[in-house]
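Working notes for the structure below.
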Amino acid sequence: MSKRRRDEYTSIAEALSLINHKVNLIGVVLQTGFPKKSKGTDFFCLVKVIDESYQSGGLSVNIFAETMDKLPVVLNGGDIILLSHVVMKVHESVIYAVFNKKFSTFALFDGKLSTSFLPYQCHSIYLAKEQDKKFILGLRIWLVDHPTATDSSDFQSLKDIREGGGFNLLCKILRVWEVREDEWILLVWDGTDTPPVAINAKLDDEEDNPLPLESVSVCLPRDILCNLPSLGTVLTVTLDCGNEKLGVNVLGTSRWVKFDNLRCQLHASLWHASLLPTTRFCYLRDEDHIVLQRTREHKERSKSKWGWMPLSSLPWPTDVTVTDHPDVPFVSLMRALANPRVVGKFRCVIRVVASIPWNVEEYRSPRGTYRIRLTLEDPTARIHAYLYAEDAEHFFGGYPSLDVLKRKWNLLLGISESDGDSEMNETSRNPPWIICCLFSYTIDKNDIWGGRNFRIFATRLMG
């Protein structure tokens, strides 16, 4: 033990020099790790804390318990944790604290300035002391005067997503979903669009190996899909932890959160992210200035006439196509998918990323009827849509020569002239943003949603 009395609190800066000693700490929670199973029979989680004396990265505290529900659940970043009889340790020059389930205790308090000193969660043997109040109040006042102590400036939005690890994301959790036993996915969103990426796929593979419509092999049920935001990318987050199980079920839906160290990847040119064993998180309050800013920006965008266009298509999509209804407001593909009626008409800004057939010589049936299936995408969704019969005739301007048709089609798919006949091979394509009109209908009256299709109409391919 340090020379301080057992009921006093040691500053983090002082505790760093008390290796192998038991100390009492009180600090502000920066972030926590996901609960997980230890190498033995216990469960543990990591909590990072700071105080007035030590703020650079925070002190890591490893907390152990017999069951997961006995671990601390921090409601908001910036809340206060009181730790009694934790042992200071060092490993490979990194100093940390260990919470021993036999003699350590904890208590969690709201970090907001108030007159309440009741913990919202505490260890079963925690005993409150009158003097705790002055330490809690002192940290609350310090947080008011030093809001940058829990700053979110290092956390980015979905529009800044990049491949690789170490991505720090500030977003809203829309859903935590166990799709199969011990297989979880998160759906997160922040109101912005993930950037479009190059399409790296063989066009002639589309029939046998089509581009998927989702980044994971799970199709969202309609009741979930219809409750997702229609504007801004909804990112799928999976677990990438090998055989290690993370307690992701502790995450709350409809909460804004900061994730530290996600791995972001592309699958079939669709963005998705993974939680790692080293991923940390903390919740943000609804009144946090960044949460208010993101919410305000989304509302302003949704009310704007041009807000439903992909951000990367601004100030205006290409003139590769024109529509017969230029005054109809734009909607996203997600809005079209979530339309409450199976029959509907929509005007969208999209990219054409694949087609069946891929070869222009095969676009018409032996009877001369156009029949083509396209894969369309925008930042909110990827769907199939058909070009058929008279709508396709209108789209192509009748029956142009194969050379003219091929030139126009290459432009639509983002195939450069220098590629020549290599478009059937794997190349990196960047299809342009175009405007098109879609209508939805069903081909199965017994399963109207399962039989719903989309067709392009009232749209002309220029060039």
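Just so we're on the same page, this note's numbering is the position in the sequence shown counted from 1, plus 435.
All C-beta atoms in this analysis are idealised placements derived from N, C-alpha and C, irrespective of residue type, glycine included.
When the five nearest sequence neighbours on each side are left out, the beta carbons in the same chain lying within less than 7 Å of the beta carbon of Gly601 are those of Asn696, in order along the chain. In the structure shown, the three-state DSSP call for Trp691 is strand. Here Leu772 has Leu660, Ala816 and Ile818 as same chain residues with Cβ atoms under 8 Å from its own Cβ, once five neighbours each way along the sequence are excluded.
Under DSSP, Val522 takes part in a beta bridge, and its partners are Lys457 and Val533. According to the DSSP assignment, Thr862 belongs to the beta strand (DSSP E) that extends over Thr862 to Arg864. The beta carbon of Val508 sits closer than 7 Å to those of Gln556 and Val685, all from its chain and outside the five residues before and after it, given in chain order.
Among the bridge pairs identified by DSSP, His819 is matched with Thr810. Assigned with DSSP and collapsed to three states, His724 falls in helix.
Boundaries of the alpha helix (DSSP H) around Asn845: Leu837 to Leu848.
For the pair Val788 and Trp706, the Cα-to-Cα distance works out to about 15 Å.
For Ser875, the pairing in a beta bridge is given by DSSP as Gly779 and Phe889. Counting C-beta atoms within 10 angstroms of its own C-beta, Asn644 has fewer than 16 neighbours from the protein chains shown and is therefore classed as exposed. In this structure, Ile560 and Thr540 form a Cβ contact; the two beta carbons are roughly 6 Å apart against a cut-off of 8 Å. Here Leu609 has Leu622, Val623, Trp624, Leu663, Val669 and Thr688 as same chain residues with Cβ atoms under 7 Å from its own Cβ, once five neighbours each way along the sequence are excluded. Here Arg786 carries a strand assignment [DSSP, helix/strand/coil]. With respect to Lys457, Val521 sits close: the two C-beta atoms are nearer than 9 Å. At a cut-off of 4 residues, not a single continuous stretch assigned as alpha helix (DSSP H) sits fully inside the segment 573-655. The C-beta separation of Ala532 from Leu574 comes to about 17 Å, leaving the pair out of contact by the 8 Å criterion.
In the displayed model, Lys569 falls within a helix according to three-state DSSP.
Closest in alpha carbon position to Arg806, among Arg786, Val683, Gly512 and Tyr821, is Tyr821.
Cβ contact annotation for Glu598 (same chain, cutoff 7 Å, sequence separation greater than five): Cys699, Gln700 and Leu701, in chain order.
Going by C-alpha positions, Asn774 is about 14 Å away from Phe765.
Three or more beta-carbon pairs separated by less than 8 Å link the segment 713-720 to the segment 457-476, which places the two stretches in contact. With contacts defined as CB atoms closer than 9 Å, Pro814 and Asp628 qualify as a contacting pair.
Pro761 and Pro750 have their C-alpha atoms some 16 Å from each other. The alpha carbon of Leu896 has as its nearest neighbour, out of Leu840, Phe889 and Asp723, the alpha carbon of Leu840. Here Arg776 is actually not in contact with Ser790; their C-beta atoms are around 28 Å apart, not less than 8 Å. With fewer than 16 other Cβ atoms from the protein chains shown falling within 10 Å of its own Cβ, Val778 counts as exposed.
The C-alpha of Asp723 lies about 35 Å from the C-alpha of Ser652. Listed in chain order, the beta strand (DSSP E) runs fully inside the segment 718-776 are 756-758, counting runs of at least 3 residues. In this structure, Phe469 is the residue among Phe469, Thr476 and Leu811 with its C-alpha nearest to the C-alpha of Lys483. DSSP places Ala708 within a strand segment (E or B) once states are collapsed to three. Classified as buried, Pro866 has 16 or more neighbouring CB atoms from the shown chains inside 10 Å of its CB. In this structure, the beta-carbon distance from Ser650 to Asp675 does not fall below 9 Å. Around Pro554, the same chain offers Ala542, Leu543 and Phe544 as residues with beta carbons nearer than 7 Å, after the five sequence neighbours per side are excluded. In the three-state reduction of the DSSP assignment, Arg799 falls in the strand class.
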